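What follows is a set of notes on a single structure, which appears directly below.
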Amino acid sequence: MTTTPEAQRAEAVAVDAPPRPARNTWRRFRREPLGMAALVVLVLLVITAVAAPLLADHPAGYGETVLAPPSGTHWFGTDSLGLDVFAEVVWGARQSLLVAAAASLIAIVFGTLLAVVGAYFRRLDAVISVVVDLTLSLPILPLMILVAALVGPSTVTIILVIAAFSWPEVTRVVRSQALSVVRLPYVDAARLMTGSPAWIIRRHVLPAVMPLVLVSVVLTSSRAVLSAAGLAFLGLGDPNTWSWGRILYEAQQAGAMSTAWWLPLFPSLAIFLLVLASTLLSTAYNDARNPRRNKP
Numbered sequence: 001m002t003t004t005p006e007a008q009r010a011e012a013v014a015v016d017a018p019p020r021p022a023r024n025t026w027r028r029f030r031r032e033p034l035g036m037a038a039l040v041v042l043v044l045l046v047i048t049a050v051a052a053p054l055l056a057d058h059p060a061g062y063g064e065t066v067l068a069p070p071s072g073t074h075w076f077g078t079d080s081l082g083l084d085v086f087a088e089v090v091w092g093a094r095q096s097l098l099v100a101a102a103a104s105l106i107a108i109v110f111g112t113l114l115a116v117v118g119a120y121f122r123r124l125d126a127v128i129s130v131v132v133d134l135t136l137s138l139p140i141l142p143l144m145i146l147v148a149a150l151v152g153p154s155t156v157t158i159i160l161v162i163a164a165f166s167w168p169e170v171t172r173v174v175r176s177q178a179l180s181v182v183r184l185p186y187v188d189a190a191r192l193m194t195g196s197p198a199w200i201i202r203r204h205v206l207p208a209v210m211p212l213v214l215v216s217v218v219l220t221s222s223r224a225v226l227s228a229a230g231l232a233f234l235g236l237g238d239p240n241t242w243s244w245g246r247i248l249y250e251a252q253q254a255g256a257m258s259t260a261w262w263l264p265l266f267p268s269l270a271i272f273l274l275v276l277a278s279t280l281l282s283t284a285y286n287d288a289r290n291p292r293r294n295k296p
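For the sequence shown, UniProt numbering gives the first residue as 1, with consecutive numbering after it.
Here's what the structure looks like:
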């Protein structure tokens, strides 16, 4: 069977075509053992949150055994109400990850839009920069406590409060990359081809800053978990749902933080694993997408 010259050229192009950047990044990322371990930990936490009803009954009411240490019956022990701490940690993963995902999504979308719009329209950039610098200079934790206390504890309140104080960091990081992109020659050529700034931002600026956005998603989520746990530990979390911060709050209210070591240990380990895995994942991904540090 003979092939035409056109088919031969097509095969040669297919063979010689360089791999896509995303494929190169994934290949480099797989060589990072800490990054892969962090990815596995995050996937397991997400699976735990999704499958919480299958892993443990929802902790409610009162139990028969109060402040029992970890055993075969209760893997993480019981709290001052006799509730299973393992069930509280499992169901707390659902609430903690929900708050982290929702708050980081709002902060990422709002912060990225302000960053790219400010980078493209230089007159707006000065105003946005002043607002970002002013917001970052404020004492974030006291303001979050004040707003959450005034509005009232609820899941929606916690999400909005965390998002409201998280977007400036996203804007600052993405803005630095967007400023270098809008000065490139192909963006100037796009301005000559079309008079639509929205099309240029969507077609050229956003794809260029997307790697930084992905890194910001992971880091912002981990900070959101810490903020939500801190607010819940202060009694400003949603009292109708379990979270890792609420477990610590209930242990502190019962005066069992020092006597029942298992009560603060397991929710703190869950928070620590999530934050550590997020940090390692973002670092490994940033190294993998940088061709200067990793050759394909």
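Yeah, the Cβ is synthetic: ideal placement off N, Cα and C, and Gly gets one too. Quantities reported herein were computed from a predicted structural model and do not represent experimental measurements.
Within the model, the alpha-carbon separation for A115 versus V174 is close to 6 Å. Annotated as proximal: S243 and G92, with beta-carbon spacing under 9 Å.
A check of alpha carbon separations from V218 across S80, T112, T279 identifies T279 as the nearest.
Burial is judged here by how many other beta carbons sit within 10 angstroms of a residue's own beta carbon; A277 has at least 16 and is buried. M144 sits buried, since 16 or more C-beta atoms from the chains shown fall within 10 Å of its C-beta. Around the beta carbon of A126, fewer than 16 other beta carbons lie within 10 angstroms, which makes this residue exposed.
Here V205 is buried, its C-beta having at least 16 other C-beta atoms within 10 Å.
The Cβ atoms of A100 and S222 sit closer than 9 Å to each other. Contact check for A256 against L263 passes: the beta carbons are separated by less than 9 Å.
Judged by DSSP in its simplified three-state form, D238 adopts coil rather than helix or strand. Counting along the chain, the unbroken alpha helix (DSSP H) around G111 starts and ends at 85 to 120.
The C-beta distance from S96 to V275 rounds to 11 Å, too long to meet the 8 Å contact threshold. Under DSSP, T78 takes part in a beta bridge, and its partners are D84.
Under the three-state reduction of DSSP, P185 is assigned to helix. Collapsing the DSSP output to three states places G63 in coil.
Its chain contains S166, W167, P168, E169, V170, T171, V174, S216 as the residues whose beta carbon lies nearer than 8 Å to that of G111, once the 5 sequence neighbours on both sides are disregarded; these appear in chain order.
For secondary structure counted as the alpha helix (DSSP H) over 4 or more consecutive residues, the stretch 195 to 263 holds these complete runs in sequence order: 197 to 200, 206 to 233, 244 to 253. For A119, same chain residues with a beta-carbon under 8 Å away, outside a window of 5 residues either side, are D125, R175, A178, L179, V181, V182, V205 in chain order.
In terms of Cβ geometry, D84 and P59 form a close pair [threshold 9 Å].
Y186 and M36 have their alpha carbons spaced roughly 36 Å apart. Between A254 and the set D133, V213, D79, the nearest pair of CA atoms involves D79. Under a 10 Å Cβ-count criterion, P239 is classified as exposed, with fewer than 16 other Cβ atoms of the shown protein chains found around its own Cβ.
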